[in-house]
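Reviewing the structure listed below.
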Amino acid sequence: MSVHVLVTLLDSMSALGDLGWVAYPPEGWEEISVMDEWNTPMRTYQVCNVMEANQNNWLRTSWIPREGAQRVYIEIKFTLRDCNSLPGVPGTCKETFNMYYFESSNSNLWFIKESQYIKIDTIAADESFTQVDVGDRVMKLNTEVRDISNLNKKGFYLAFQDVGACIALVSVRIFYKRCPLTILNLAEFADTVTGGDSTLVEVRGTCVNNSVEVDTPKMYCSADGGWLVPIGRCVCRPGYEEKKDVCQPCRPGFYKSTSTNASCSKCPPHSFSHVHSSEACMCERGFYRAESDAKSMSCTRPPSAPENPISTVNETSITIEWNPPRDGGGRGDTTYNVHCRRCPWQGHGCSSCGSGVHYIPRPFGLVLPRVLVTDLLPHTNYTFDIEAVNGVSELSPTPKQFITLNITTSQAVNVVLKERRSKDSITLAWQGPERPNGAIVEYEVIYYEKNQKEQNYTVLKTRSNIMTVDGLKPGTIYVFRVRAHTEGGFGTYGGEIELETSNEDMIAIGDPNQATILAISIAGGIVLLVFLVTCFVVSGRHCGYIKAKQDPDEDKMHFQHGRVKLPGSKTYIHPHTYEDPNQAVRDFAKEIDASSIRIERVIGAGEFGEVCSGRLKLPSKREIFVAIKSLKAGYSEKQRRDFLGEASIMGQFDHPNIIRLEGVVTKCKPVMIITEFMENGSLDSFLKKHDGQFTVIQLVGMLRGIASGMKYLSDMNYVHRDLAARNILVNSNLVCKVSDFGLSRVLEDDPEAAYTTRGGKIPIRWTAPEAIAYRKFTSASDVWSYGIVMWEVISYGERPYWEMSNQDVIKAIDEGYRLPPPMDCPIVLHQLMLDCWQKSRSDRPKFGQIVNILDKLIRNPSSLKQLANTCAWQDPSLQDAFPITTIDEWLEAIKMTQYRDNFTMAGYVTLDSVVFLNSSELSKIGITLAGHQKKILASVQNLQAQGMHLQV
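Numbers -17 to -1, 1 to 935, taken from mature numbering (1 follows the signal peptide of the UniProt record, and there is no 0), label the letters of the sequence shown in order.
This is the structure we're talking about:
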C-alpha cells in the first residue's frame, strides 16, 4: 500500500574521522583511510594475516542505539582475496568471515566475551579478486544484507570475526524499516517502526481535522515496512468535504448537512449560504423549510387558494368539490381544511355549524379536493370556507388563502292528492319548495307497495308538478314520496302519503294475458337463477387456488415455524426463511470474541473484503490456524446479511469434506467469518502448481473426498450450484473440502465466464444444460458439475473446453459433445465423467453411487491401469481447426508455451527436429517437471504416429 522508509542507525561511509571501533588483538583488523572513485576519503577496516595459522581477529563497532526498532538490517560492502591467488599460503587460508551481535543497554562496555556474542551468519563473497585484478584496478566489491530480529534492549554492538581471510570492509550500514506516515480514508497513521520477525503491528489511525470516525480506523504495519489491511474509516463532518485526503470547508453557496454525505451540495432553490462550512442553507424571504424537511429540500411557501368550487345538494347533504390551488408553493403535501358557518336568512349573525354537522371523510387535513357534509338543516343558508395548507403554512405570517361557498339547503315538497284513483293508476299533484336552491330542474317521484317496505320501489321523473302513475295493481296500497331536483342539487323527500287503487275489474288467474305475463316472469326468474349460479361457480374458480402440475423431480417444500423443511430426516434451513436473518446467524454460528483472533497476513481478497490467515485461541482450547474473512467498511445492510448468510449455511454442516465454520464476529467491527485454515488453498491452483506430481490413486482419493462431501450436502437437501475446483480447498494432508456457500458470489474474473439469464449469472462450463436453460438446479445438476471437477482434477487444473466461448460450449453440449479424457486418464474415470454428463438428469448417478464406485476403484487399483486413447489436445472434434506447422503452434496446442525459449536455445526450430526427443534430452534443455515431460513426450509420440500432420 505504501513504500517503506529506511532509518539509518550507522553508516561508516559518512564518518568524517576515525570510526574508533575496537579491534583485538591489535595486530588484527586495521583502520585505513582510502579514496573512493570520486576521490572522497573514506574509512575502511582491513585484515590479511593469511600467512599465519589460527587467526581469530575481532572487530567491534561502537554502541548502536536501536531507537525502538525490533528488527534491524545490516548492509556490508567488502572485498575478499582469492586464496588460490596467494602463493605459498598455508591451507588455513579462508574466504569467509563471521558476523555477530551483542544486545546491551550499556553504551560504554569496553570488553565483551566471545561466548556472549550471538552469531548472525558466516559471510562468503560472491566475487573474489586476485593480485592481477588489483594491478588492473578491478576490485570485486561484494554486498550482503542480513537482519537481526526481536531486539528488546536499548542498543547493541556489531562484531566481525576473521579466522584467516584477506578482507577489506569498505562500508557498514545499519538501518531499520518504518511504515511511513500516511493518510487513508481520512485517517492519519503515524510513522511506525516495524515489528520483529514477520509479525504485524496494529496501528490505530487518527481522524484528520474536521472529520469524525465511522468505524475505528486501523491498519497493520508489516515487517517489510508496508501498510496492510485497512479497517474502518473517517468521514468529513457536516460543512466539510473530502478533497485530497483533507476535509475542506464548503464554499459559499454550498452546504453539507450530514457526515454521511460525500461532498458539498449546491444550495437548493430559494435558499442561500454566505459563509464557509455551512451545514444548511438559509431560506429566502417568503420561503420556508418545515422541521421535517430534509436540508437538501428546496425552500417552499404556502399554497394559493383552491379554485372553482362546485356543490351538489342532496336533501340535507352537500357534496363540495374544488380544483387544487394554481400555486402549490413548490411542495407536494397540500391538504385542505373546510370551515362551516350557518347564517340566518337575513344574512347577519353567522355562527359555527357546531358538532351536529358531520363530514366525510373529515373537515381538516383532506388529501383529495372533495368533502361530503351531512346532517344539515333543511332550508338553511350555509357558508363554507375552504383553505389549502401545506407543511410551511404555519411558518408564514401571512393569512391562509381560502375560497368561500354559500349554499342553501332545500325544503321538502308538499304532496296532495288531485283528480282520481282508478283500478290501475293514481294521479298526484304537489307544490314546490318555497325557496329552492336554484332553479328547479325536475321532480323525482318514488313509490312502492306498502307491504314491500321499499324493497321493490320505482322512481319516476317529471318536469311538471303533477303526475299520473299507471300500471298499478287493483286494490293495492302504495306509498308515494316526492323531492325537487334544483340546479344546486336534490332537496329532501316530502312526507309519505299512502294511496290505494280501486278494486274493480280484477284480472282472473286464468286470463291468457295474465298467464303469459306469469310465464314470462317465471322464465325470467329461472334465467336469473342460472345466471347467478354461473357467476358463483366462475367466481369460486377465480377466488380459489388452481393446483399446478407438479414436477416429480422437484423438491417439495413444507413450511414449519417460518423455516423451509425439505423431505429427509436432517435438512438444511435456508437463512432467507427467517424473518430476522440475524436470528439465523445466532442459531447456526458461534459468536467469537474478537480478542481471541490474531490476524497475521493477507492471503487474498473476496467479494466482501479481504481474506487473512491468523490464529484463534479460545478459552481452555489449543490455539489453531484459521482463515478470516472480513467485511469491508462502508457495507450496506444487505451486504452484511449476504455476508453472514454464508456463515448461517456453513454452520449447519458437519462433515470432514465440508469446510468447517469456527464462528463469526458480529458484535464489533469489522464483521468477520472464521473458518478452518486450508494450507494448500484452492484445488485448481494447487493442481496447476503440482502438475504431474501425484499418482492416479492420490487423485482418485481427492475425488472421493469431494464426492463424499457432496453426498452429505445432497442428503441435507442442499444444492451447491457452483461446484468447481476453484471452490474446493485443500489442506496439508491433501484432504479436499467443499467451500463457497455464499448467497451472492462472484463466479469468475473472466467476463466470458458467466452466461447472464433473468435469474443471475451461471458458470457455463460447470453447469448442467437444464440449469442453463431453465434454471433447474438440483442435486443432479451438481452431479454434472462434479463430472467437470473430475476432468479438472485428472487434467491438473486445465480449463474446461479450453478457449471455446460460452455460446460455443452451450451449442456443443446441446449437440451431444462431451469433454474427451485428459492425458493418462483411466477409462473407468472418463466413463464416470460421461455418466455424470447424461443429458437426462434422471440418468445421472447419485452422489452416494459415485462414492461407492470410487471406493471400489481405490480398493482395486488395477482397474485404473487401462488408459483412454484420446488425449485432451488430440480431441478429434477440434481437428481441422488449427493445422500445426511450427514449433510455436505445437507448444501452444499442448499448453507448453513457457518452454518456447528452451527449444529455441537448444536448436529445435522445426517440427521434424522434435520427433526423436526423450526425457534425458528434455532435462538437458531445462524441462525437469515430470508431468510436463510426460505431456510433451506423449505429444511427440502422437507426432510420430500421425506422420508429422498433427491437427488440433
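Glycine included, each C-beta is placed from N, C-alpha and C at the ideal position. Nothing here was measured: the structure is a model prediction, and the numbers come from that model.
Counting C-beta pairs closer than 8 Å gives three or more between the segment 878 to 887 and the segment 906 to 916, which meets the contact rule. Counting other Cβ atoms within 10 Å of its Cβ, Q635 reaches 16 or more and is therefore classed as buried.
Shown here for R643: same chain residues with a beta carbon closer than 6 Å to its own, the five before and five after excluded, namely E659 in chain order.
For I793, the closest C-alpha among the options W749, I833, E562 is that of W749. Straight-line spacing of the CA atoms in C162 and I641 works out to 39 Å.
The continuous beta strand (DSSP E) containing H468 extends over residues 460 to 469.
Taken through DSSP and simplified to helix, strand or coil, G138 comes out as strand. The three-state reading of DSSP puts T761 in coil, since its state is none of H, G, I, E or B. A Cβ-Cβ separation of about 6 Å places V218 in contact with V195 under the 8 Å criterion. Residue pairing by DSSP places N364 opposite C326, T391 in a beta bridge. The beta carbon of K652 sits closer than 6 Å to those of D198, all from its chain and outside the five residues before and after it, given in chain order. For the beta strand (DSSP E) assignment, the uninterrupted runs of no fewer than 3 residues enclosed by the segment 144 to 211 are, from N- to C-terminal side, 150 to 162, 165 to 167, 170 to 172, 184 to 187, 194 to 204. Per DSSP, the unbroken beta strand (DSSP E) holding Q414 starts and ends at 409 to 414. With a cutoff of 8 Å on beta-carbon distance, L670 and Y779 are scored as near each other.
No Cβ-Cβ contact shorter than 8 Å links V340 with I303.
Cβ contact annotation for A588 (same chain, cutoff 7 Å, sequence separation greater than five): V594, in chain order.
In the three-state reduction of the DSSP assignment, S16 falls in the strand class.
When C-beta atoms of the segment 85 to 100 are compared with those of the segment 175 to 188, fewer than three pairs fall below 8 Å, so the two segments do not count as touching. The closest CA to that of R581, considering only P752, A610, M806, is found on A610.
Contact between R43 and S(-6) is absent: CB atoms are separated by about 13 Å, not below the 8 Å threshold. Sequence-distant partners of G188 (beyond 5 residues in either direction) whose C-beta falls short of 7 Å from its own C-beta, in its chain, are A170, E171, F172, P200, K201, M202. Just measuring C-alpha positions, the residue of P844, L349, A36, P828 sitting nearest H322 is L349. In the three-state reduction of the DSSP assignment, V811 falls in the helix class, which pools H, G and I.
When beta bridges are read from the DSSP output, P24 appears opposite M18.
If you look at Y695, you'll find it in the alpha helix (DSSP H) that goes 679 to 698. The continuous alpha helix (DSSP H) containing L837 extends over residues 830 to 842. Look at T750 here: in three-state DSSP terms it is coil, with no helix or strand label. F473 is bridged by DSSP to N297, H468. Contact annotation: G592 and K612 have beta-carbon atoms nearer than 8 Å.
Here Y769 carries a helix assignment [DSSP, helix/strand/coil].
Close CB contacts of C31 within its chain, under the 6 Å cut and outside five residues either way in sequence, are with C149 (chain order).
Looking only at K239, S240, Y159, P235, the smallest Cα-Cα distance to G209 is reached by Y159. Taking C-beta atoms as the reference points, D130 and R49 fail to come closer than 8 Å. Across the structure, E904 and D871 are spaced so that their CA atoms are roughly 19 Å apart.
Contact check between the segment 403 to 413 and the segment 437 to 457: three or more CB pairs, one atom from each, fall below 8 Å, which counts as touching. Closest by C-alpha distance to A277, out of I293, T241, P285, is T241.
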